[in-house]
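Numbering (the UniProt record's numbering), first residue to last: 1 to 372.
Ideal placement from N, C-alpha and C gives every residue a C-beta, glycine not left out.
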Amino acid sequence: MKHRIVVLGAGYAGANAAGRLAKRLHPADTEITLVNADAEFVERVRMHQLATGQDLKVRKLADVFAGTGVQVRIARVAAVDAERKIVSTDDGDIAYDTLVYALGSTAANVPEHAHNIAGKQSALRLRARLEDLGAGGTVLVVGGGLTGIEAATEIAEARPDLDVSLATRGALGDWMSEKARQHLRAAFDRLGITVHVHTDGGTLDADVTVWTAGFAVHPIAAATTLEVSPSGQIVVDETMRSVSHPDVYAVGDAAFAAGGSGSPLRMSCASGVPTAHLAADAIAARLTGREVPQNKIGYSGQCISLGRSDALVQWVTPDDQPKPSALTGKVAVRVKELICKSAAWSISHPTVMMPSRRRRISTASAVLETAL
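Right, dumping it as structure tokens:
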């Protein structure tokens with residue numbers, strides 16, 4: 001009987017995990033199923049572009065994984081029974097021997113009537129609302145993190161006829177180096193974006209509010225017997241394996257994980273892809289009786305677009321602390337675009353990113369993994 005691996009979610013983390021598993025394990029021994037609610041891969045790092053009227057390339061998951069051995073199942077996950085090893089979906093139940101949980105996150109605590117850009121449908125709703133907003137309309141972006149900065153600058157550049165502002169609890173870019181903050185302030189001034197700092201409370205009026213003040217994981221994991229953090233993320237060890245259920249791995253935003261330095265990983269694409277690779281390699285190693293890889297995940301930079309013609313790249317330490325240096329302007333635009341395109345390319349070519357090492361499963365290892 002084949003070892004059944006089920007991957008939940010086909011974002012950056014889930015799609016990368018499924019593709020890497022297909023490269024690592026021989027199809028004669030494994031059955032890999034990728035479950036996702038949307039038939040297309042959503043390039044989440046470009047949702048601010050989609051919201052401002054830019055069309056993104058369509059990547060059908062069925063086409064992406066054709067010929068890889070990964071079975072794509074379009075279904076919405078309703079529940080996970082970690083004791084019986086069954087995933088319930090709106091298209092029936094799916095049994096697994098190993099589960100990779102990559103359902104990711106969504107916008108947190110979005111007030112009524114506010115918009116968000118955490119997903120494709122919400123970005124399209126904001127796009128329609130902005131198209132209906134006439135010249136002189138006001139747009140307020142709430143949240144001064146990466147998503148808020150990218151949303152505010154993209155809207156201001158695409159619609160110079162609108163009055164765009166951003167509200168943040170702290171100062172603008174207060175986690176960045178001085179060089180990066182200076183460039184960020186200059187970009188906001190150039191685009192005419194008003195910044196409201198230290199806005200913990202109070203009222204600001206706007207025709208359209210875009211909420212980017214934090215993300216929350218989907219509640220499915222918290223409803224299981226899996227050990228989760230207060231945030232609802234699955235608590236994992238250094239190989240992205242659940243500390244309570246060794247047949248379950250969590251990657252991306254869904255995982256409460258540490259990097260190679262021991263510091264917690266933040267919710268981001270920069271965390272999602274490396275955790276997916278590590279989990280896939282650990283699963284393959286354990287099933288084939290090979291050495292489990294070490295966790296060497298660390299950061300190198302934070303890339304922030306400031307519209308289509310400007311950007312900055314804040315270089316950081318492996319544990320995500322800002323360095324004094326930063327790239328700005330056209331060079332940063334090219335670096336950011338290269339990174340975004342590379343991430344999307346890795347999804348579109350899931351079994352091309354590394355040499356094929358499709359190893360056979362060790363019977364003893366597979367029995368031990370299933371029994372754990």
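Note down the Cα distance separating Ala364 from Thr288, rounded to an integer number of angstroms. With a pLDDT of 49 at Ala364, under the threshold of 50, the modelled position of that residue is not reliable, and the figure given next carries that caveat. The alpha-carbon atoms of Ala364 and Thr288 are separated by roughly 9 Å.
Among the residues of its own chain, which have a CB less than 6 Å from the CB of Lys296, if the five just before and after it don't count? Closer than 6 Å at Cβ, skipping near neighbours: Gly260.
Give the DSSP-derived three-state secondary structure of residue 382 in the structure shown. Given that the chain is displayed from residue 1 to residue 372, the structure contains no residue 382 and the question cannot be resolved.
Should Val139 and Val100 be called a contact, given that it needs their Cβ atoms to be closer than 8 Å? The answer is no: Cβ separation not under 8 Å.
Considering Ala51, what are the terminal residues of the alpha helix (DSSP H) in which it resides? In the DSSP annotation of this structure, the continuous segment of the alpha helix (DSSP H) that includes Ala51 starts and ends at Met47 to Ala51.
Using the Cβ count rule (16 or more neighbours within 10 Å means buried), how would you classify Trp211? By the Cβ neighbour-count rule, Trp211 is buried, with 16 or more other Cβ atoms within 10 Å of its own.
Quick check: Thr153 and Ala187, are their CB atoms within less than 8 Å of each other? Their beta carbons are under 8 Å apart, which means Thr153 touches Ala187 by this criterion.
Three-state class that DSSP yields for Arg24 in the structure shown: Helix at Arg24.
Residue span of the beta strand (DSSP E) that contains Leu172, given as start and end: Annotation for Leu172: no beta strand (DSSP E) segment contains it, and DSSP assigns it neither H nor E.
Which residue's Cα is closest to the Cα of Asp247: Val335, Ser346, Ala151 and Glu227? Residue Glu227 is the option with its Cα nearest to Asp247.
So Leu61 and Val77 are in contact, right, with Cβ under 8 Å, and what is the actual spacing, rounded? Going by Cβ atoms, the distance from Leu61 to Val77 rounds to 15 Å, so no, they are not a contact pair.
Below 8 Å between beta carbons: does that hold for Pro264 and Ala282? No, the Cβ-Cβ distance between Pro264 and Ala282 is not below 8 Å.
Where the beta strand (DSSP E) containing Val248 begins and where it ends: It spans Val248 to Ala250 - the beta strand (DSSP E) in which Val248 sits, taken as one unbroken run.
Specify, as a first and last residue, the run of the beta strand (DSSP E) that Arg76 falls within. Neither: Arg76 is in no beta strand (DSSP E) and is coded neither H nor E.
Which residues in the same chain have their Cβ closer than 6 Å to the Cβ of Ser319, if we skip the five residues on either side of it in sequence? Residue identity check: residue 319 is Asp in the sequence provided, not Ser. Around Asp319: Ser261 and Ser263.
Based on the DSSP secondary-structure assignment, which residues constitute the bridge partners of Ser346? Looking at the DSSP assignment, Ser346 forms no beta bridge with any residue, so it has no partner.
Rounded to whole angstroms, what's the CA-CA distance from Asp200 to Gly214? Just pull it up for me. Whole-angstrom Cα-Cα distance: 14 Å.
Of all the options Gly144, Pro27 and Arg290, which has the alpha carbon lying nearest to the alpha carbon of Val197? Measuring C-alpha to C-alpha distances from Val197 to each of Gly144, Pro27 and Arg290 identifies Gly144 as the nearest.
Is the Cβ-Cβ distance between Arg20 and Ala270 less than 8 Å? In this structure, Ala270 does not lie closer than 8 Å to Arg20 by Cβ.
For Leu140, the three-state DSSP class (helix, strand or coil): Correct three-state label for Leu140: strand.
Hey, would you say Arg359 sits closer than 8 Å to Ala284, going by beta carbons? A contact, by the Cβ cut-off of 8 Å.
Considering only residues of the same chain and omitting the five flanking positions on each side of Lys2, which have a CB-CB separation below 7 Å? So the list reads Asp29, Thr30 and Glu31, once near-sequence residues are dropped.
Measuring alpha carbon to alpha carbon, tell me which residue in Glu83, Ala167 and Thr328 is nearest Asp97. Checking every option, the nearest Cα to that of Asp97 belongs to Glu83.
Check the DSSP bridge columns for Val313 and list the partner residues they point to. Per DSSP, Cys303 and Leu327.
What whole-angstrom Cβ distance do Val70 and Leu25 have, given they're in contact under 8 Å? About 11 Å separates the CB atoms of Val70 and Leu25; that is not less than 8 Å, and the two are not in contact.
Could you give the distance in angstroms between the alpha-carbon of Val110 and the alpha-carbon of Ser122? If you take the alpha carbons of Val110 and Ser122, they lie about 11 Å apart.
C-alpha distance - Ala311 paired with Pro274, whole-angstrom precision: Rounded to whole angstroms, Ala311 to Pro274 spans 24 Å at the Cα level.
Range of the contiguous beta strand (DSSP E) that encloses Ser122: Unbroken run through Ser122 is the alpha helix (DSSP H), Lys120 to Asp132; no beta strand (DSSP E).
Those runs of the beta strand (DSSP E) which lie wholly inside the segment 216 to 251 and span at least 3 residues: List check, beta strand (DSSP E) in window: 248 to 250.
Are the segment 335 to 351 and the segment 174 to 187 in contact at 8 Å, needing three or more beta carbon pairs? Cβ pair count under 8 Å is below three, so no.
Here's the rule: buried if 16 or more other CB atoms are within 10 angstroms of the residue's CB, otherwise exposed. What is Glu157? If you draw a 10 Å sphere on the C-beta of Glu157, you find 16 or more other C-beta atoms in it, and that means buried.
Determine, using beta carbons only, whether Val217 and Ala254 come nearer to each other than 8 Å. Against a cut-off of 8 Å, the Cβ pair of Ala254 and Val217 comes out as a contact.
With burial defined as no fewer than 16 other Cβ atoms inside 10 Å of the residue's Cβ, what is the status of Pro350: buried or exposed? By the beta-carbon neighbour count (other beta carbons within 10 angstroms, threshold 16), Pro350 is buried.
For a test of the three-state rule: what should DSSP assign to Gln182, helix, strand or coil? DSSP, reduced to helix, strand and coil, places Gln182 within a helical segment of the structure shown.
Range covered by the beta strand (DSSP E) that runs through Ser268: Annotation for Ser268: no beta strand (DSSP E) segment contains it, and DSSP assigns it neither H nor E.
Buried versus exposed call for residue 402 [16 or more other C-beta atoms within 10 Å across all chains shown]: A query on residue 402 cannot be resolved here, the shown segment of the chain reaching from 1 to 372 and no further.
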